[in-house]
Each structure stands twice: as C-alpha cells, then as structure tokens.
Amino acid sequence: MHADCWKFRKSDKSIKIGTCVMIHDQPPKLMIICTSRFLQDRTAFRDCLPLLTGHRAGNEVRIVSEVNIPGGRVDYFLVSVRDGVIEDFVGIEFQGLDTNGSVWPERQRFLHQCGVPVPPADIATRGSFGMNWKMSAKTILGQLHHKVATFDHLGKRFVLVLQDHLLDYLRGEYAFDHITGHNPADPMQFHVYEMVKAPTGYQIRIKQRFSTDVAGTARCLALKASMEVAMPDMLRAIARKMPQSTSLSDTAPLPVPEAPEAEEENES
C-alpha cells in the first residue's frame, strides 16, 4: 500500500494496527477489513470515470474526501473540473468488513513467522475473532436509501464499493434478488471487487457491476427471512421462557434485557 496506517489499537494508542486484509473462513478467503485497501493504486476511482457523463476532454479530475450531504457523509467525490468550475461529480462510498474479537494475536504470530521481532507475550496470547457480517451490512444499508435519494434528486450517481464476499452475504440475507443488471444511468451503482494475486502482491480488481434506482435501493433494506410466525410457534417460544418468568404482583427487580446483538470489542 506504501502508506502509513491511520488506525491505532484501542488498548495502546501508540501502536498502529497496520492490518487491512485478513484470512478467514473455510475455505480460506482474503477479507478486506479496512477501507484503506480500496484506495490501492486509485483503481476504484478510475473505475468510476465512465460515470462522469459530463466530463470533457481537458477537464481535470479531482478526488474530494468526506463531504456532508443530508443523508450523511460521503467518503469521496470524484469531480470533473474545468477552470475551477465543477462540471460533474460522482459520490463514492467504501465498505469493508467489520470484525469481532481481536485479530491482534494472529497478526503478531504471522509477523513472527515472517521473521519480524514481536513481544513473546503477543505470540502466546490466544484470542478469538470472526467476521461481524451483521454490523457490516447494517452499517452500509442503513445509509444507502437516504444518500441515493439525494444523488437521484441531483441527477448524479452514487457508487458503493464493496468486496465480493460482502455482496455474497447481502444476497443471502437481504432482498438483493432484483440487483442483477447494470445501467450506468441508475443513481445507485454497486462496484464489486475481488482480491487477486499479482507479481507485486495482492491487488483489488473489479469483478462485477450492478445498479438500481431509488425504489430498488429501498427494497434492499428488507431482510430475506420472513417476518411472519405461526401462532403455535410463538406460544412455544413464550412457554420455553415461562420457568424464568416473574409475576406481575412480585416486587423483586426485573432482569435488565441484554443489548441486542452485543459483540465483543472490535480491535484488529
């Protein structure tokens, strides 16, 4: 990547994490866990150039970061400029994969195997980690609808850059069956990338393009699982909890509900 990592350990702010890709799952897959990886060689930005339909030969193309819009902040804008005047733009959002647990012990063991000196205590530490698929999906899907509506109103394109593994998860858990074709005129553009082996190391490469309109983006937010439940199933679920129930007339303190989908501290 030839760039300094900007993420620090939560437990020690003097240590940079320096991990943007990890191997996980069976069979092993390369997972992009930091969006910095999508900046490699500015490939993802170049792949958005065809969406600058108002770009003219001789215009300068600029990358503008972190622009606030009504639906939230957009990571980047790819902008076509002529004599200081903005003639066209495309919004670009990157989404990596969240992790739970701590990847740090595995990272340290990997460096040790490569001959890099690391503290012995780090090598001996046994931690567990995994992919936080639900958080990855919720992070981006919760923002898409509002942001796409803004770009559609302006007649511009909004691009979500994500890895193929995350798209596979979205297709399995959410209503993505209608996202099949690609129309450059659609406001919502999905650019799906894969990690490929190259002579200089692993690189990102665009694998697929998909698109949809505002209505299609709203459909993506729906869980594929049915929200309906049969009455007997509901009654059985309640009955299983009856032994731990409390009488309405009881004065003992009620148990506090656990936070939904609580995850371990995410510290790569």
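When we follow my numbering, the leftmost residue of the sequence shown carries the number 169, and every step to the right adds one.
No residue lacks a Cβ here, since even glycine has one placed at the ideal position from N, Cα and C.
Query, Result
"Tell me which same chain residues have a C-beta within less than 7 Å of the C-beta of residue 216, skipping the five on either side of it?", "246, 258, 260 and 327"
"Between the stretch 224-234 and the stretch 337-357, are three or more C-beta pairs nearer than 8 Å?", "no"
"Which term fits residue 355, buried or exposed, when burial requires 16 or more other beta carbons within 10 angstroms of its beta carbon?", "buried"
"Answer yes if the stretch 297-312 comes into contact with the stretch 366-373, meaning at least three C-beta pairs across the two stretches below 8 Å, and no otherwise.", "no"
"Can you give me the C-alpha to C-alpha distance between residue 201 and residue 242, rounded to a whole angstrom?", "19 Å"
"So the candidates are 372, 347, 308 and 362; which of them puts its Cα closest to the Cα of residue 210?", "372"
"Quick one: measure Cβ to Cβ for residue 198 and residue 363, integer angstroms, because I've assumed they're closer than 8 Å.", "4 Å"
"So residue 347 and residue 358 are supposed to be a Cβ contact under 8 Å. How far apart are they, rounded?", "7 Å"
"Quick one: is residue 331 buried, meaning 16 or more other Cβ sit within 10 Å of its Cβ, or exposed?", "buried"
"What I want to know is whether the C-beta of residue 305 ends up closer than 6 Å to one or more non-hydrogen atoms of the ligand MN.", "This structure simply doesn't include the ligand MN, nor any ligand for that matter."
"Just to confirm my understanding: we take residue 233, look at its own chain, exclude 5 residues before and 5 after, and list those with CB closer than 6 Å. What are they?", "244"
"Indicate whether residue 360 and residue 389 have their beta-carbon atoms separated by less than 7 Å.", "no"
"Is the Cβ-Cβ distance between residue 264 and residue 315 less than 7 Å?", "no"
"Verify whether the separation of the beta carbon atoms of residue 350 and residue 377 is less than 7 Å.", "yes"
"I'd like the span of the beta strand (DSSP E) that includes residue 303, first residue to last.", "Here residue 303 belongs to no beta strand (DSSP E); instead the alpha helix (DSSP H) covers 301-322."
"In angstroms, rounded to a whole number, what distance separates the CA positions of residue 207 and residue 306?", "22 Å"
"Considering only residues of the same chain and omitting the five flanking positions on each side of residue 237, which have a CB-CB separation below 7 Å?", "315 and 318"
"To the nearest angstrom, report how far apart residue 288 and residue 262 are at their CA atoms.", "36 Å"
"Could you please give the first and the last residue of the uninterrupted beta strand (DSSP E) stretch that includes residue 337?", "Element bounds for residue 337: not the beta strand (DSSP E) but the alpha helix (DSSP H), 332-341."
"Taking the straight line between their C-alpha atoms, what separation do you get for residue 432 and residue 195?", "Residue placement at residue 432 is poorly supported in this model, since its pLDDT is 38, which falls under 50; the coordinates still yield a value, given next. Approximately 24 Å between the Cα atoms of the pair."
"Is residue 193 buried or exposed, if buried means 16 or more other CB atoms sit within 10 Å of its CB?", "exposed"
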